[in-house]
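Below: the structure, in C-alpha cells.
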C-alpha cells in the first residue's frame, strides 16, 4: 500500500445471501435475467443495501496531453485535445449526447492539457502540467507529478461521494493516450508491444507500423518497473488522475463504470495499487482497439457490451449505465412470486 491509496473495504459478504434470495424470488426463472442479475448483486454489495439507489450519476472525462504526440504516433495533432475539451464544454461531443439520454451530469477534468481554459461550468481545473514529456526519450513525468495526479483523482471522487453521488462513469481525452495505455499494458502485464499497440484514432498501414516501432523503442528504454515506476515513465496525467479517481470512488462505496482501453490502463494501475478496487468496477465494453482484449484479460474482467466502439470520452461507460439502471430497477421494482401471487417452481 502506498500513501496515495485510500482505504478500500473489500465487499462484505454479509448481505450476499439475502440479495441473492431477493433476486431469485422475483417473478422469473432463476438466472433468467443473466448478467443483469450479477450486476444487481454487485450493486447491492457495493452499497451494502437490499435496495441500492442510483443518485446523482456523473461521467468524468479526464483530459491530458502527451509528449509522445509530437513523435508521430497519432493520426491527429496535439491541439485536438483542447479543441475537444471545448467541444465537451459546449455540449457537442458524443459523450454529451449519450449522457443526456441517460440523465448523467458531465464533468471535464483538465489533468494536464497544453492549453489554458477560462473557467466554465462543468470544468474542473486540476492541471498538473501542460502535458507530459515524451516517454520515447525520458520519463513522461516525475514521481512527484504522478503522485499528485493520483491524489487529485482520489480527492475529486471522495468529494463527489460526499456530495451523494453513488455511481460514476470514467472516460478520457488526450491525443496519443492509446500509446501511453499500450506502454502501461506492456510494462505492467507483459503483453507484447505488437499486441498492445493498435490503431488508436485511426492509424493504418505504415502509420501503425511506425507507432509500434516507436513504442517498442520507448519500452526498451527501461527494464522491469513497479506500478509507480511504470506510471512515471510512460503514463499520462489523465490516466494517473483517473486511476486515483477509481481508488477514491471505491473508498466511498461508489460503483465505477470503466470505459475502454485507456480507462482500462488506469484501472490496471489502480488495481496494482489496491486490488480491492476491482470489486467496485463494472467494465462497460470491449472496444475495437487492438490491445483492449488483452487489457481485459490482464484485469480478469468481463465487459458488459461489445459494440466495436473505439471513441473513448466515456461513451461506452455511459451506455453501460443504462444496464446498471435496469439492474437496479428489477431488483427494486419487480414483483416477487409472493407479492404477485405467482406460483414458484415446484
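Residue numbers (our numbering): 198 to 543.
Note that beta-carbon positions come from the ideal geometry of N, C-alpha and C, so glycine has one too.
Treat the numbers as computed from the prediction; the structure is a model and nothing was measured.
- Sorting 203, 245, 201 by C-alpha distance to the C-alpha of residue 209 places 245 at the top.
- A direct Cα-to-Cα measurement between residue 415 and residue 373 gives close to 14 Å.
- With a 10 Å radius around the Cβ and a threshold of 16 neighbouring Cβ atoms, residue 489 comes out buried.
- Within 10 angstroms of the beta-carbon of residue 542 lie fewer than 16 other beta-carbons, which makes it exposed.
- Note on geometry: alpha-carbon atoms of residue 433 and residue 333 lie some 13 Å from one another.
- As summarised for the region 426–496, the continuous alpha helix (DSSP H) elements at least 4 residues long and confined to that stretch are 434–448, 458–470, 489–495, given in chain order.
- Rounded to whole angstroms, residue 426 and residue 247 show a C-alpha spacing of 41 Å.
- The closest CA to that of residue 382, considering only 355, 492, 407, is found on 492.
- By DSSP's assignment, residue 259 forms a beta bridge with 306, 369.
- The C-alpha of residue 461 is placed about 10 Å away from the C-alpha of residue 454.
- Within the region 311–396, the complete beta strand (DSSP E) segments at least 3 residues long are 320–322, 364–370, listed from N- to C-terminus.
- Taking all protein chains shown into account, residue 250 has fewer than 16 neighbouring C-beta atoms within 10 Å of its C-beta and is therefore exposed.
- By DSSP's assignment, residue 502 forms a beta bridge with 482.
- By the Cβ rule, the region 354–369 does not count as touching the region 324–343, because fewer than three pairs are nearer than 8 Å.
- Contact between the region 278–291 and the region 252–270 is present, with at least three C-beta pairs closer than 8 Å.
- Put simply, of 518, 483, 447 the residue whose alpha carbon is nearest the alpha carbon of residue 475 is 447.
- Distance from the CA of residue 240 to the CA of residue 516, rounded to the nearest whole angstrom, comes to 17 Å.
- If one requires a minimum length of 4 residues, the alpha helix (DSSP H) runs lying completely within the region 202–247 are 213–221, 232–244, in chain order.
- Closest in C-alpha terms to residue 309, from the list 298, 300, 345, comes 345.
- Across the set 506, 444, 223, 393, the C-alpha of 444 shows the shortest separation from the C-alpha of residue 365.
- Annotation for residue 518: the continuous alpha helix (DSSP H) segment containing it runs 512–530.
- Membership of residue 280 in the alpha helix (DSSP H) is indicated by the continuous run 277–287.
- Take the alpha-carbon of residue 496 and the one of residue 328: they are about 27 Å apart.
- Approximately 6 Å separates the beta-carbon atoms of residue 385 and residue 424; this is inside 8 Å, confirming the contact.
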